[in-house]
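Protein chains in written order, with UniProt numbering: chain A, 1 to 268; chain B, 1 to 175.
The beta-carbon is built from N, C-alpha and C at its ideal position, and this holds for glycine as well.
Since we're looking at a predicted model, the values are computed, not measured.
Accompanying notes for the structure given below.
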């Protein structure tokens, strides 16, 4: 029982976006742009509150930006400070950009001389860094996506096509067409397939100035869809996670996936 | 050469005189605001149908000159309603629609109802929309409902509280 509890705690600690305390996020300066080459600037952090820099910076090693034409765009002026990472992006194309930090890796735990060892890294490094015959070895694949969407001019769909791995939010309502008082519909895919019964948490930013988180809990239906009626304008954070056994990593017991997205809701 | 110019001028004047009877006459008042940092507002005027779909753009006033951050298209999304209904899918400037921002005061506008942008509208209920947004200021939207085709002269009127003053539209009977 103790070990089960311990591994559960470890699981939460190892995947920050799935933890109930730490929130992982990208915060775009704004999501609706116009002009020949407007610039987006983004903050990236892990924190308890939304959207305040008070815990860890989010590393940008796995930043993946998909331009409106489907090609990969490159961030500029990347920097990581004590509490946050930042980067800029000139929006040279018209349409919607998908900005994401995609972490693809694994974590492992085992016992060595009576002590518990923990490791996390890329799947390729397991063979060389984790002893295959260790006691109570437990390997779990992890796949996390932290993202946001921004649009220059009219919203477009090309950058929103699913890549088919991990958890992905697929728009029914375009993520840059969200307005207070209206209802948005999104679909969650797990490995490219609609997933029912996913538990989703929606929290509006500015938690520091509220006594409670005021989180909204919704669940996906048979088609993997869920709806949110936006009560107020502002930046909102959507989080969910999922576990399955579909892992290609040898000796791994399963896979844990997480998703966290930031969405701007505008006033009417 | 001179003759030709004179002729053209004559035709132009004649055109203006002839048009008045069928023109939509409008006044849009931009209030004089006593604020420390004043910028002229961006203003959009359009017609939308009952589903709030933009069916015709009448005017967009924005900063046309270059500044440190390029031309003023950067701030067009601040006209939130107009941007969503129409602006974001346009390539600015738009001939006959976009022009420079205007100072405080009453501005008279004329829209010839032979203009195909609205002369071909199907019969139904529409609204004239006027939206203003000002840098380091506020934003205001006014809606003036009307019916098309126009059986009698329709006089529309609305008054803003912050960023817009009195707005009037006179829509003559449709021929």
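query: Rounded separation between residue 63/A and residue 43/A - CA only; result: 12 Å
query: Limits of the unbroken alpha helix (DSSP H) element including residue 75/B; result: First-last for residue 75/B: undefined, no H or E at that position.
query: Buried/exposed call for residue 235/A, threshold 16 Cβ in 10 Å; result: buried
query: Same chain, Cβ closer than 6 Å to residue 154/B, neighbours up to 5 away in sequence not counted; result: 146, 171
query: Three-pair Cβ contact test at 8 Å for the stretch 226-233 of chain A versus the stretch 241-261 of chain A; result: no
query: CB contact below 8 Å: residue 33/A versus chain B; result: yes
query: Rounded separation between residue 26/A and residue 149/B - CA only; result: 50 Å
query: Neighbouring residues, chain A, relative to residue 65/B (Cβ below 8 Å); result: None at all; the shortest Cβ gap to chain A is about 14 Å.
query: Environment of residue 97/A [buried if 16+ CB atoms lie within 10 Å]; result: buried
query: 8 Å Cβ cut-off: residues of chain B touching residue 154/A; result: 88, 89
query: Assigned secondary structure, residue 60/A (DSSP; H/G/I helix, E/B strand, else coil); result: coil
query: Partner residues on chain B for residue 266/A, Cβ-Cβ distance less than 7 Å; result: 80
query: Cβ pair count under 8 Å reaching 3, the stretch 109-122 of chain A against the stretch 214-229 of chain A; result: no
query: Residue 76/A, DSSP secondary structure in three states; result: strand
query: Beta carbon proximity, residue 151/B to chain A, threshold 8 Å; result: no
query: Under the three-state DSSP convention, the category residue 210/A falls into; result: coil
query: Test: residue 38/A CB closer than 8 Å to a CB of chain B; result: yes
query: Residue 22/B - DSSP class collapsed to helix/strand/coil; result: helix
query: Exposure label - residue 124/A; buried when at least 16 CB within 10 Å; result: exposed
query: DSSP state of residue 82/B mapped onto helix, strand, coil; result: helix
query: Sequence ranges, beta strand (DSSP E) only - wholly within the stretch 137-219 of chain A, length at least 3; result: 167-171, 183-190, 199-204, 216-219
query: Cβ-Cβ separation, residue 88/A to residue 75/A (assumed contact under 8 Å), whole Å; result: 7 Å
query: Collapsed DSSP secondary structure at residue 134/A in the structure displayed; result: coil
query: Classification of residue 103/A by the beta-carbon crowding that lies within 10 angstroms, buried from 16 upward; result: buried
query: Residue 261/A, DSSP secondary structure in three states; result: strand
query: Residue 61/B beta carbon less than 8 Å from that of residue 123/B; result: no
query: Extent of the continuous alpha helix (DSSP H) to which residue 127/A belongs; result: 126-129
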